[in-house]
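**Student:** Okay, handing you the structure first.
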Amino acid sequence: MALKILTVFLLQSVLIYSYDVTVTTKLGDIIGKYEEIPVRPSKKTIISFLGIPYAQPPVGDLRFRKPVPYGNFTTPFKAMEFGASCPQFWPGLTSKVQDEDCLFLNIFSPVGSGTNVKYSVMVFIHGGGFIIGDGRSQTYGKLAAFGDLIVITLNYRLGPLGFLTSGDSFARGNFGLWDQHLALKWVNENIESFGGDTKKVTIFGQSAGGVSVIFQALYPGNKGLFQRVISQSGTANTGWAMLTDANSKTTEFSKRFNCDEFYSEALLTCLRNINDTTEMAKKSYISFFIDGSVDWTPVVDGDFVTQERVDALKLPSNSAPIELFQNISVIMGNTGLEGQQFVIPGTPLHSAGINSSYTIEDLKSVIRTFIPRTLKAVMGYELDKSIVDDIVYQYSNFQSPNDKNVHIQKAIDVITDAGYFIPVLTAVLNHARDNTKSSTYQYEFNELNPLRPHDPWVDGALHGDDLQYVFGSVYDVGVSKNLPQPQLDSQWRLSSIMMTYWINFAKSGDPNKPLTPEVIWKPFDDKDRSYLYLSSAEIKNYQYLHAERAVFWLEYIPKILKRAEEERENMKELMRKEDCINSGSVLFGSIILIFSSIISFDIYF
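Numbered according to mature numbering (1 follows the signal peptide of the UniProt record, and there is no 0), the sequence shown spans residues -18 to -1, 1 to 587.
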């Protein structure tokens, strides 16, 4: 603004320009702005710095390559507006400003009272199946205002632009993960200029963002960039988080743009010459709308992602590959009905489209075909028919065979368990195992969201319902939906409790301090497996979340998988011996034939 106030009032290296704030960083001056954020019971003022580029535009020859740091600003950078979202497409998605030049981050900072203030930092990585999403929302500022800390959001490349791989050194993939990593390096190198404490950085994310933060926690190159992790509804060891047929996706996608070159270098040159990124996003769906499998995800590249580190999350055998993961404290958890997203009518994730006209027999048929198809997508491999039969039996509705809603709930449960709950539980177990360096916390969020309509079988929280509570927007949205005041109050109470847990954890590594919550959240260990149940009706510590379902997946299924593998090996051995016997007979017969031929040859001549 025209009036320049020289008093240092806020953060380190901060000057106030009436409504504008200039922060001096190693990269140059960055100009932000004051904003009022409604936080019950009144409003708070924060400073936002929006659309800060952390990487050079990943266009032209930089497409399908690791991101390159943006570098210094030659003039003061006005961080007043959000940057463009990365190219993406989803039916019915509200139009946003999209551009391949999309690698921006946003900083929401509290207004301090001196120059020596050091704020804890929370870096949020958005979800969206690695195909949609961005960090563009003023909502994130509410958490900063409520918790008196810095909240940072970021964009990363999505779909094929973020995760296409040629399977070789020309394009190893995981560009979206590298984007996130570079943003974290930017935070580490610059956040002190905004009053941030580099020793108190927490990364957190939901769904694909939850998967991302675990991949970041496994990558040794991130050592020292953050100290804590919160993963909501996602982890790197779930089947849908990592493609095993990535090359076939690349081939199919490339053909849609007439890029069918055999050699990777020529293929990538062709793909880099495509100018219409909107069309690229629209044509990026290979099987997502057919069977629910995720088209573009991280892959094993031997660099950012190794099979050894991912397997170490699954198997309690070797903790060395996940040493970095065990050195940082974690919160991990799920909503109660994660699998609901796969069975709601009309959802592209479920072509069967369950609806009220279905009979019980229809539902049984759908569930029986749905389970193996979806489990292949979420677990990453084809299951034997006998194992599918066991799973169908486990999730069958025997107590209320004529209750249609119970059948649908069982379908939801199997997807919740296979795709979310069990992978998260496995990761939590392996983080806590023999771990004296850091703390582990598990939760289940199961509030029936009053802000959207529900099918009759829904009695808890769906995938993503937790976000409005973590970021404190549930009250404002409730007001816009004309919820009665008592319900608004109960929703805000739950939201404020969750925000307090998250903020405490970011500040201290313990969700119970510095502010003492209503209920002390007990840490998780392998002995009692404590977890916190979160809803407006009840916030309470329990033990052994979904114990029967956990035993089924973690003990019974591995046993029958092992037995099936042993039977296959025995069959191979029998076939090998039979082949040897047959080969011996053939060889003996051949020798006799040759010997007879020699004799005949001698006699003839």
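Glycine included, every Cβ here is placed at the ideal spot set by N, Cα and C.
Determine, using beta carbons only, whether A126 and F86 come nearer to each other than 8 Å.
**Tutor:** Against the sequence shown, residue 126 aligns to sequence position 144. Against the sequence shown, residue 86 aligns to sequence position 104. Not a contact, by the Cβ cut-off of 8 Å.
**Student:** Alpha carbons only, please: which of S151, F112 and D161 is nearest the one belonging to D83?
**Tutor:** Indexing the sequence shown from 1 puts residue 83 at position 101. Per the Cα distances, D161.
**Student:** Using the C-alpha atoms, what's the distance from R45 back to E537?
**Tutor:** Indexing the sequence shown from 1 puts residue 537 at position 555. Indexing the sequence shown from 1 puts residue 45 at position 63. Computed Cα separation, rounded: 45 Å.
**Student:** Can you check the segment 272 to 326 for any beta strand (DSSP E) of at least 3 residues that lies completely inside it and give the ranges in chain order?
**Tutor:** 311 to 317
**Student:** Assuming contact is defined by CB atoms lying nearer than 8 Å, are S420 and N309 in contact in what I supplied?
**Tutor:** Position 438 of the sequence shown, counted from the first residue, corresponds to residue 420. Position 327 of the sequence shown, counted from the first residue, corresponds to residue 309. Against a cut-off of 8 Å, the Cβ pair of N309 and S420 comes out as a contact.
**Student:** Compute the distance between the beta-carbons of R511 and Q525, then report whether it is under 8 Å.
**Tutor:** Counted from its first residue, the sequence shown places residue 511 at position 529. Counted from its first residue, the sequence shown places residue 525 at position 543. Judged by their CB atoms, R511 and Q525 are nearer to each other than the 8 Å cut-off.
**Student:** Starting from the Cα of N170, find the closest Cα among A66, K8, H108 and M480 and give me that residue.
**Tutor:** Here the question's residue 170 lines up with position 188 in the sequence shown. Comparing Cα positions, the closest option is K8.
**Student:** So, is I542 buried or exposed, given that buried needs 16 or more other C-beta atoms within 10 angstroms?
**Tutor:** Stepping through the sequence shown from its first residue, residue 542 is reached at position 560. Exposed, by the Cβ-count rule.
**Student:** Along the chain, where does the beta strand (DSSP E) that runs through I268 open and close?
**Tutor:** The count along the sequence shown starts at 1 and reaches residue 268 at position 286. Unbroken run through I268: none, as it is neither H nor E.
**Student:** Would Y451 and S477 qualify as a contact pair, given that the criterion is a beta-carbon distance under 8 Å?
**Tutor:** Counted from its first residue, the sequence shown places residue 451 at position 469. Counted from its first residue, the sequence shown places residue 477 at position 495. Taking 8 Å as the Cβ cut-off, Y451 and S477 qualify as a contacting pair.
**Student:** According to DSSP, what are the bridge partners of I19?
**Tutor:** Position 37 of the sequence shown, counted from the start, is the residue given in the question as residue 19. Answer by DSSP bridge pairing, in chain order: K26.
**Student:** In the DSSP assignment, find the alpha helix (DSSP H) that holds S490 and state where it starts and stops.
**Tutor:** The residue labelled residue 490 in the question sits at position 508 within the sequence shown. Counting along the chain, the alpha helix (DSSP H) containing S490 begins and ends at Q467 to S490.
**Student:** Roughly how many angstroms lie between the CA atoms of S368 and P92, to the nearest whole one?
**Tutor:** Locating residue 368 in the sequence shown gives position 386, counting from the first residue. Locating residue 92 in the sequence shown gives position 110, counting from the first residue. The straight-line gap from Cα to Cα measures roughly 57 Å.
**Student:** I believe N137 touches G65 by the beta-carbon criterion, under 8 Å. Please report the beta-carbon distance rounded to the nearest angstrom.
**Tutor:** In the sequence shown, counting from the first residue as 1, residue 137 sits at position 155. In the sequence shown, counting from the first residue as 1, residue 65 sits at position 83. 7 Å between Cβ atoms; contact.
**Student:** Within this structure, are the beta carbons of Q199 and L306 separated by less than 8 Å?
**Tutor:** Residue numbering aside, residue 199 sits at position 217 when the sequence shown is read from its first letter. Residue numbering aside, residue 306 sits at position 324 when the sequence shown is read from its first letter. In the sequence on display, residue 199 carries Ala and not Gln. Yes.
**Student:** Does DSSP put F128 in a helix, in a strand, or in coil?
**Tutor:** Here residue 128 corresponds to residue number 146 of the sequence shown, with the count starting at 1. Three-state result, F128: helix.
**Student:** Tell me, which residues are paired with R210 by DSSP?
**Tutor:** As a first step, residue 210 is located in the sequence shown; it is residue number 228 there, counting from the start. Answer is T184 and S311, bridged to R210.
**Student:** Buried or exposed: which applies to M553, given that a residue is buried once 16 or more other Cβ atoms fall within 10 Å of its Cβ?
**Tutor:** As a first step, residue 553 is located in the sequence shown; it is residue number 571 there, counting from the start. So M553 counts as exposed.
**Student:** One question on the structure: do P280 and N172 come within less than 8 Å of each other, judged by their Cβ atoms?
**Tutor:** For the purposes of this step, residue 280 is taken as residue 298 along the sequence shown, with counting starting at 1. For the purposes of this step, residue 172 is taken as residue 190 along the sequence shown, with counting starting at 1. The answer is no: Cβ separation not under 8 Å.
**Student:** Starting from the N-terminal side, write out each stretch of the alpha helix (DSSP H) that is 4 residues or longer and does not extend beyond the segment 415 to 455.
**Tutor:** 449 to 452
**Student:** Would you say L166 and A218 are within 8 Å of each other, going by their C-beta atoms?
**Tutor:** The residue you call residue 166 lines up with position 184 of the sequence shown. The residue you call residue 218 lines up with position 236 of the sequence shown. Contact: no.
**Student:** Check whether the Cβ atoms of Y101 and I132 lie closer than 8 Å to each other.
**Tutor:** What you label residue 101 is simply residue 119 of the sequence shown in a count that begins at 1. What you label residue 132 is simply residue 150 of the sequence shown in a count that begins at 1. In contact: Y101 and I132 (Cβ atoms closer than 8 Å).
**Student:** Could you give the distance in angstroms between the alpha-carbon of P330 and the alpha-carbon of K26?
**Tutor:** Counted from its first residue, the sequence shown places residue 330 at position 348. Counted from its first residue, the sequence shown places residue 26 at position 44. Note that P330 scores a pLDDT of 42, beneath 50, so its modelled location is shaky; the value from the coordinates is reported in the next line. Using only the alpha carbons, I get a separation of about 41 Å.
**Student:** Between I268, H436 and P496, which has its C-alpha nearest residue 616's C-alpha?
**Tutor:** There is simply no residue 616 to check, as the chain begins at -18 and stops at 587 in what is shown.
**Student:** Considering only their Cβ atoms, is the gap separating L319 from T398 smaller than 8 Å?
**Tutor:** Translated into positions along the sequence shown, residue 398 becomes position 416. Translated into positions along the sequence shown, residue 319 becomes position 337. Yes, the pair counts as a contact, with Cβ atoms nearer than the cut-off.
**Student:** Looking only at its own chain, which residues have a Cβ that is under 7 Å from the Cβ of H528, when we skip the five neighbours before and after it?
**Tutor:** Numbered from its first residue, the sequence shown carries residue 528 at position 546. Once the five neighbours on either side are set aside, the close Cβ partners of H528 are F403.
**Student:** Consult DSSP for Y526 and reduce its assignment to one of helix, strand or coil.
**Tutor:** Mapped onto the sequence shown, residue 526 falls at position 544. Three-state DSSP puts Y526 in coil, outside helix and strand.
**Student:** What residue does the beta strand (DSSP E) around N88 start on, and which one ends it?
**Tutor:** The residue given as residue 88 occupies position 106 in the sequence shown. From DSSP, the beta strand (DSSP E) with N88 extends over F86 to P92.
**Student:** Going by CA-CA distance only, name the one from D11, R22 and P23 that's closest to I34.
**Tutor:** As a position in the sequence shown, residue 34 is number 52, starting the count at 1. Closest option to I34, Cα to Cα, is D11.
**Student:** Should Y375 be labelled buried (16 or more other beta-carbon atoms within 10 Å of its own) or exposed?
**Tutor:** In the sequence shown, residue 375 corresponds to position 393, counting from 1. When all chains shown are included, Y375 counts as exposed.
**Student:** Quick check on V461: does DSSP put it in helix, strand or coil?
**Tutor:** Stepping through the sequence shown from its first residue, residue 461 is reached at position 479. Note: V461 maps to helix in three-state DSSP.
**Student:** With distance defined between alpha-carbon atoms, name the residue in Q289, P540, G442 and E247 nearest to I304.
**Tutor:** In the sequence shown, residue 304 corresponds to position 322, counting from 1. When only C-alpha atoms are compared, the closest one is Q289.
**Student:** With a cut-off of 8 Å, do at least 3 Cβ pairs link the segment 42 to 57 to the segment 103 to 114?
**Tutor:** no
**Student:** CA-CA distance, I394 and Y377?
**Tutor:** For the purposes of this step, residue 394 is identified with residue 412 of the sequence shown, where counting begins at 1. For the purposes of this step, residue 377 is identified with residue 395 of the sequence shown, where counting begins at 1. Straight-line Cα distance between these residues: approximately 10 Å.
**Student:** Please tell me whether L250 and F152 are closer than 8 Å, where the distance is taken between their beta carbons.
**Tutor:** The residue given as residue 250 occupies position 268 in the sequence shown. The residue given as residue 152 occupies position 170 in the sequence shown. Their beta carbons are under 8 Å apart, which means L250 touches F152 by this criterion.
**Student:** What ranges does the beta strand (DSSP E) occupy inside the segment 105 to 153, keeping only unbroken runs of at least 3 residues that lie completely in it?
**Tutor:** 132 to 136
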